[in-house]
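Numbers 251 to 332, taken from the working numbering, label the letters of the sequence shown in order.
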Amino acid sequence: MSRLVWSLEAVRILATLPLPVRNDIVSKTRLLADFPEMYPVRRRGRFRGQRFCASFDWIVYYVVRRDGPAITTIGHGQRKGA
């Protein structure tokens with residue numbers, strides 16, 4: 251079993267989100283230590299090559315390293331022109 255690591259940036263962003271969003275993100279990322287490849291890889295854009303999962307209007311980005319998954323950041327999922 252590997253360990254899930256959160257970047258300081260991701261923790262800071264998570265702390266500012268409403269409680270239902272935080273709870274959903276924690277729930278969705280809890281299994282990453284055991285199943286790090288359960289979410290898809292971003293194919294283009296700034297976070298190309300990183301895996302991601304969506305929660306409400308937010309997207310959690312992470313990478314899979316040798317020692318386990320690492321959440322890099324959380325970004326708002328608003329589309330351009332929407």
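Beta carbons are placed, not taken as given, at the ideal position from N, Cα and C, and that holds for glycine.
Computed from a prediction, not measured in an experiment: that's the story for all the values here.
Setting aside the 5 residues that flank it on each side, C303 is surrounded in the same chain by K278, Y289 and V310, each with a C-beta closer than 6 Å to its C-beta; the list follows chain order. Remark: C-beta atoms of S305 and V261 do not approach each other more closely than 8 Å. The alpha-carbon of R293 is positioned some 30 Å away from that of L269.
Residue pairing of I324 in beta bridges, as defined by DSSP: V310. Residue environment: A265 is assigned as exposed (fewer than 16 neighbouring CB atoms within 10 Å of its CB, all protein chains considered).
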